[in-house]
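Protein chains in written order, with my numbering: chain A, 4 to 222; chain B, 4 to 222.
By construction, the Cβ of each residue, glycine as well, lies at the ideal position given by its N, Cα and C atoms.
Bear in mind that the values here come from a model prediction, so they are computed numbers and not experimental data.
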DNA sequence: TAGATTGTTAATCGATTAACAATC
DNA sequence: TAGATTGTTAATCGATTAACAATC
């Protein structure tokens, strides 16, 4: 029996899908029925062959000379990502980042609806964040069941990451979007995507240093 | 003359560096003078060989049987990332995400100090966000010069992304951390790192769908 | 000393890119 | 029709992993 730990294939391609969607959706407003891979590639500074390879993963078939049919292409990408099925989500930790993510409207376009926020601060419990009610962590199991929550977005301070994660798992939630710096330990049937702001900042930092070095050496 | 568009090497390794730092810093509190690659690998669910390969990029030399000297290792990573040099940064757009990032203390440990926020909303200008003053976009050039701002963190709504980016570039800021969904057009000497929350969510979504399919097929 | 761990060289793996026939 | 664009097969490239000698 394969475990949930097996590696996901096409990871880089999957990461590019949302930006394809953005471009194609914007193009859709022109009313043109077909969009070419070349056009998408130009918009995103990618190679056309890469766009075609990526799109082929979704099973969409293009027409030579014309391109891909816009409406079916959007549906193919959304279906591939599972964004055509609405999922209830919760934010664990009503801090800065948690509040920002709760108010991030774009997720609605991706089939994710944040229906609850959980926190331990008595001053926050009973209030709302961007219209979403804040509950006590104690009520996580019952609220998760009632609202059919499928995804937990973890934005608690790092020292509480693993214990919050354990509570999420105990409440039967099997998908965790982890914004803490902690590598979470979870059962085999729980999937975790870690979002690490520092890793992107590390790339920017090295680009800055590299550019600096080059400028110095070119003088 | 090579352009700033050339591709960065070791991208995956660079992305892992911050998580190494987190583990090593936590280990440092034990007082042990050496940390092994095997230990780091265990903490992060990675292969030891990958940790060793990554660390070798920083130029650090380990001791067989003992491991890497903790203090020099931290310094080697920070120096490689350029995190040993303090840089002034600004957040463009005092919305949800901009405020959250302004209040994110971890950046201070990475040599980045957010010294100004810019917005176009008259109600926000003149106030502070997490203690950082909010300025009018008009004053960007002068404030950027006075405070020596090196990095702009772009968190404006997508329709304003390119124009805000142009203003940043005109103000002489040459490093942009882009949190919008827009692919920015910038001069050759400006580096951009795009942070796309949707791409991580796309991975989580496909993992969820894949797990679901497997569970169905195993029944 | 023995064995854990490093660093290097080679092999494997997966992603990107190139080449090109098919075709609307 | 001619040429732009697709989809497939092969080549290249870069990252990961394996093997193993060196060594504290």
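Host alpha helix (DSSP H) of residue i (start-end)
i	result
residue 139 of chain A	Counting along the chain, residue 139 of chain A falls outside any alpha helix (DSSP H), though it belongs to the beta strand (DSSP E) covering 135–139.
residue 53 of chain B	51–60
residue 15 of chain B	14–31
residue 9 of chain B	Premise fails: residue 9 of chain B is in no alpha helix (DSSP H) and is neither H nor E.
residue 35 of chain A	Segment: none, residue 35 of chain A is in no alpha helix (DSSP H) and carries neither H nor E.
residue 99 of chain B	99–105
Cβ distance (whole Å) where residue i is taken to contact residue j below 8 Å
i	j	result
residue 135 of chain B	residue 118 of chain B	7 Å
residue 184 of chain A	residue 167 of chain A	Their Cβ separation, rounded to whole angstroms, is 14 Å, which puts residue 184 of chain A and residue 167 of chain A out of contact at 8 Å.
residue 225 of chain B	residue 80 of chain B	Given that chain B is displayed from residue 4 to residue 222, the structure contains no residue 225 of chain B and the question cannot be resolved.
residue 180 of chain A	residue 200 of chain A	Going by Cβ atoms, the distance from residue 180 of chain A to residue 200 of chain A rounds to 13 Å, so no, they are not a contact pair.
residue 57 of chain A	residue 22 of chain A	Going by Cβ atoms, the distance from residue 57 of chain A to residue 22 of chain A rounds to 10 Å, so no, they are not a contact pair.
residue 155 of chain B	residue 95 of chain B	6 Å
residue 38 of chain B	residue 76 of chain B	7 Å
residue 86 of chain B	residue 59 of chain A	With 8 Å as the limit, residue 86 of chain B and residue 59 of chain A do not qualify as a contact, their Cβ atoms being about 40 Å apart.
residue 193 of chain B	residue 177 of chain B	5 Å
Residue i versus residue j: straight-line alpha-carbon distance, rounded
i	j	result
residue 223 of chain B	residue 9 of chain B	The first residue shown for chain B is 4 and the last is 222, placing residue 223 of chain B beyond what the model contains.
residue 108 of chain A	residue 93 of chain A	14 Å
residue 115 of chain A	residue 11 of chain A	21 Å
residue 14 of chain A	residue 206 of chain B	7 Å
residue 2 of chain B	residue 123 of chain B	It is not possible to answer for residue 2 of chain B, since the shown part of chain B is limited to 4 through 222.
residue 6 of chain B	residue 169 of chain B	With a pLDDT of only 47 at residue 6 of chain B, under 50, the local geometry of the prediction cannot be trusted, and the value read off the model is given with reservation. Rounded to whole angstroms, residue 6 of chain B to residue 169 of chain B spans 19 Å at the Cα level.
residue 50 of chain A	residue 44 of chain A	6 Å
residue 78 of chain B	residue 129 of chain B	39 Å
residue 52 of chain A	residue 42 of chain A	12 Å
residue 47 of chain A	residue 186 of chain B	6 Å
residue 189 of chain A	residue 190 of chain B	45 Å
residue 141 of chain A	residue 103 of chain A	23 Å
residue 26 of chain A	residue 74 of chain A	13 Å
residue 222 of chain B	residue 151 of chain A	Confidence is the limiting factor: at residue 222 of chain B the pLDDT is only 46, short of 50, which leaves the residue's position unreliable and the question unanswerable from this model.
residue 173 of chain B	residue 144 of chain B	7 Å
residue 32 of chain B	residue 133 of chain A	39 Å
residue 211 of chain B	residue 197 of chain A	14 Å
residue 28 of chain A	residue 40 of chain A	14 Å
residue 195 of chain B	residue 110 of chain A	24 Å
residue 127 of chain A	residue 100 of chain A	15 Å
residue 24 of chain B	residue 24 of chain A	35 Å
residue 72 of chain A	residue 55 of chain A	13 Å
residue 121 of chain B	residue 214 of chain A	26 Å
residue 67 of chain B	residue 36 of chain B	14 Å
residue 112 of chain B	residue 30 of chain B	16 Å
residue 202 of chain A	residue 19 of chain A	18 Å
residue 125 of chain A	residue 65 of chain B	49 Å
residue 89 of chain A	residue 165 of chain B	31 Å
residue 91 of chain A	residue 163 of chain B	30 Å
residue 131 of chain B	residue 153 of chain B	20 Å
residue 69 of chain B	residue 171 of chain A	38 Å
residue 148 of chain A	residue 175 of chain A	8 Å
residue 34 of chain B	residue 82 of chain A	51 Å
residue 204 of chain A	residue 182 of chain B	11 Å
Contact list for residue i against chain B, beta-carbon separation under 8 Å
i	result
residue 28 of chain A	The contacting residues do not exist; residue 28 of chain A stays about 10 Å from chain B at best.
residue 178 of chain A	207, 210 and 211
residue 186 of chain A	22, 46, 47 and 48
residue 14 of chain A	206
residue 57 of chain A	Correct list: empty, because the minimum Cβ distance to chain B is about 12 Å.
residue 199 of chain A	18, 21 and 22
residue 11 of chain A	206, 209, 210 and 213
Beta-carbon neighbours of residue i, restricted to chain A and to distances below 9 Å
i	result
residue 106 of chain B	98, 99 and 100
Within chain A, the residues that residue i reaches when beta carbons sit closer than 8 Å
i	result
residue 214 of chain B	7, 177, 192 and 194
residue 84 of chain B	205, 208, 209 and 212
residue 119 of chain B	What residue 119 of chain B touches in chain A: nothing, since even the nearest Cβ is about 18 Å away.
residue 79 of chain B	Per Cβ cutoff of 8 Å: no residues; residue 79 of chain B is ~14 Å from chain A at best.
residue 89 of chain B	Ordered by position in chain A, no residue passes the 8 Å Cβ test against residue 89 of chain B, which lies about 12 Å from the chain.
Interface residues of chain A facing residue i [CB-CB closer than 7 Å]
i	result
residue 18 of chain B	202, 205 and 206
residue 25 of chain B	184
Contact list for residue i against chain B, beta-carbon separation under 7 Å
i	result
residue 169 of chain A	Near residue 169 of chain A there are no residues of chain B at all, since even the closest Cβ is about 17 Å away, more than 7 Å.
residue 65 of chain A	Simply none; closest approach about 21 Å.
Check: residue i C-beta below 7 Å from any heavy atom of the ligand FMN
i	result
residue 173 of chain A	With respect to the ligand FMN, the structure shown offers nothing to examine, as it has no ligands at all.
Contact list for residue i against chain B, beta-carbon separation under 9 Å
i	result
residue 155 of chain A	Within chain B, no residue comes near residue 155 of chain A; the closest Cβ sits about 11 Å away, beyond 9 Å.
Please give the ranges of any beta strand (DSSP E) in the stretch 114–196 of chain A, keeping only runs that are unbroken, at least 3 residues long and fully inside the region. 115–122, 135–139, 152–157 and 178–181
Jot down the residue ranges of each uninterrupted beta strand (DSSP E) in the stretch 63–97 of chain A, minimum 3 residues, whole runs only, in chain order. 90–95
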